[in-house]
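Protein chains in written order, with the working numbering: chain S, 5 to 448; chain A, 4 to 132.
As structure tokens, the structure follows; a few thoughts come after it.
See below:
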């Protein structure tokens, strides 16, 4: 596997103006929830008849939150995300404004005694999750520490009133201890959060880069595969053409044995060409090989396909029977895939049916599906092997005896193509009696 | 006068197989192994029909040659049969009848060459005169 060099500075598709915008909207939604929660809290205080709290100030905070959030949402709806920096700044602005509001809330609920000062931690986590760089989380932490210290000291110096349920007079030591604990909590959380998130993002980038690398090598593999199949095909085609000319064109008197040997050679090269065709189809499964989806009228297409196979069937004295095609206005399907499915089913049927056999092609229709049934009087597939025949490279035990050469890819290719078109394939088979493959496609 | 058929194909063994087949039916056969050289000979010799391989130097050299012929007043009416390798490009075998908008050729023939198919196709596409 190619070695992937990792750079943590790679900004992958998950850090884009759009992804940041989604996070901005997420923050707005969180703020609705917190406004609601705060309202409930205030109502709770009111019903518990706790009188020390300044209700009007707290209610004002809720109103400010709602107004700020509405304005922000209006702004976000109006402007499409364009620049990474702008979106980063909006996130930062949201956090800083939240902190200002939180500081006011903390002030009105008791300053250093307020349980709300724990909420400063939320934004630290949010910043660690959202930003690609550690330092922004630390800046947020510094803002939290700064605002909290300012509030506490202003209350201590009595610039601001200290709201509290109990009357407490703080000395400097108490405040210093409380703030120290707060600082440590904030910075340690920032460090842990940011470090973990950096590690997580590094892994995410690595997986992303490796995935890209894998996809690239897969594409290269397919190209190489196609190239090789083509290179293999050219000589075998030349051999086959040469034998054809000797047997069919040149008016040479060949000993029966010599003719027989050449016939064998022709048959084997033909098998080889069939295998290469399978291999080529396999390499074309790639999604980038998109064909046009078009209206296909089955009754018009099937006869063409069948006519193509008639000569090889006649050679084996196999009768291909088409029953009356159920007329239908047609359905949307990848025409290439549709015809490939039919050809592969018919060629398979002809291939595994002994001389003098019969291949029947039937179509049917109900209000949901269109059905194609290809039945043969061939060798059949043993029951215990039926579930495997759609697997890549699997060949039924009796198939190997009947036809020495084969890739075991035919049915797996058919199944993939059928599924690609939202269809299904079913098999009914009895050893010695024959097989019926039913394919159905939804009409819509 | 026997009809003159030209083959442009870089696989000399295939050219030989086709030559023997066509000569057995009384045609004169000339050939070239490469597109541009082939065009020169084609302009000079003015064959009655051209058999052209798709994949020569590049994946679609044959198409370029065909377009050049169709855009040249003096040779644009020469019927072109295009040879494609089985399952190449589209992995597809039939229903590629003449579509002038899409391809500037008269008909496709699949490799490997089946002598009878080749002779029938040539006969079908030769101008009546």
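Ideal Cβ placement from N, Cα and C applies to all residues, glycine included.
On a predicted model such as this, the values are computed, not experimentally measured, just so you know.
| Asked | Found |
| --- | --- |
| Alpha-carbon spacing of residue 114 of chain A relative to residue 220 of chain S, whole angstroms | 32 Å |
| For residue 109 of chain A and residue 40 of chain A, the rounded distance between their alpha carbons | 22 Å |
| Pick from S/214, S/149 and S/165 that is closest to residue 184 of chain S, judged by C-alpha positions | S/149 |
| Complete beta strand (DSSP E) runs within the region 290-330 of chain S (minimum length 3 residues, chain order) | 297-300 and 323-326 |
| Residue 426 of chain S burial status per 10 Å Cβ neighbour count (16 or more: buried) | exposed |
| Beta bridge counterpart(s) of residue 428 of chain S as assigned by DSSP | S/444 |
| Cβ neighbours of residue 321 of chain S in the same chain (closer than 6 Å, five flanking residues each side left out) | 359 and 360 |
| Residue 434 of chain S - partner residues in DSSP beta bridges | S/438 |
| Interface residues of the region 216-249 of chain S facing chain A [CB-CB below 9 Å] | 233, 234, 237, 238, 239, 240, 241, 242, 243, 244, 245, 246, 247, 248 and 249 |
| Between the CA atoms of residue 226 of chain S and residue 232 of chain S - distance to the nearest angstrom | 10 Å |
| N-terminal and C-terminal residue of the alpha helix (DSSP H) that residue 226 of chain S is part of | 176-248 |
| Nearest candidate by alpha-carbon position, reference residue 236 of chain S, set A/112, A/116 and A/88 | A/88 |
| Under 9 Å from the C-beta of residue 252 of chain S: neighbouring residues of chain A | 24, 117, 118 and 119 |
| Proximal residues to residue 244 of chain S (C-beta, below 6 Å), its chain only, five neighbours per side dropped | 273 |
| Rounded Cβ spacing between residue 6 of chain A and residue 33 of chain A (contact assumed at less than 8 Å) | Residue 6 of chain A to residue 33 of chain A, Cβ: 12 Å. No contact. |
| Reference residue 387 of chain S, options S/365, S/341, S/52 and S/439, closest by Cα | S/439 |
| Distance cut-off 7 Å: residue 201 of chain S Cβ against heavy atoms of the ligand NAD | With respect to the ligand NAD, the structure offers nothing, as it holds no ligand at all. |
| Proximity below 8 Å, CB of residue 154 of chain S to CB of residue 121 of chain S | no |
| Span separating the alpha-carbon of residue 269 of chain S from that of residue 448 of chain S | 47 Å |
| Exposure of residue 186 of chain S, with buried meaning 16 or more beta-carbon neighbours within 10 Å | buried |
| Extent of the continuous beta strand (DSSP E) run through residue 113 of chain A | 110-113 |
| Cβ neighbour criterion (16 or more within 10 Å) applied to residue 403 of chain S | buried |
| Interface positions of the region 9-21 of chain A facing chain S (Cβ-Cβ less than 7 Å), listed along the chain | 14, 16, 17 and 20 |
| Residue range of the unbroken beta strand (DSSP E) whose run includes residue 161 of chain S | From DSSP, residue 161 of chain S is part of no beta strand (DSSP E); its letter is neither H nor E. |
| Sequence-distant residues of the same chain with beta carbon closer than 7 Å to residue 141 of chain S, five excluded per side | 128, 131, 132, 135, 194, 197 and 198 |
| CA nearest to the CA of residue 423 of chain S, picked from S/413, S/436 and S/446 | S/446 |
| Beta-carbon proximity of residue 35 of chain S to residue 91 of chain S, cut-off 8 Å | no |
| CA nearest to the CA of residue 246 of chain S, picked from A/72, A/67 and A/14 | A/14 |
| contact_flag[the region 102-121 of chain S, the region 156-169 of chain S] where n(CB pairs < 8 Å) is 3 or more | yes |
| Simplified DSSP state of residue 336 of chain S, which is helix, strand or coil | strand |
| Residue range of the alpha helix (DSSP H) that includes residue 124 of chain S | 124-134 |
| Through-space distance from residue 30 of chain S to residue 78 of chain S, alpha-carbon basis | 14 Å |
| Range of the contiguous beta strand (DSSP E) that encloses residue 34 of chain A | 31-35 |
| Same chain, Cβ closer than 6 Å to residue 352 of chain S, neighbours up to 5 away in sequence not counted | 414 |
| Ordered list of beta strand (DSSP E) runs contained in the region 350-434 of chain S, each at least 3 residues | 362-369, 373-380 and 428-434 |
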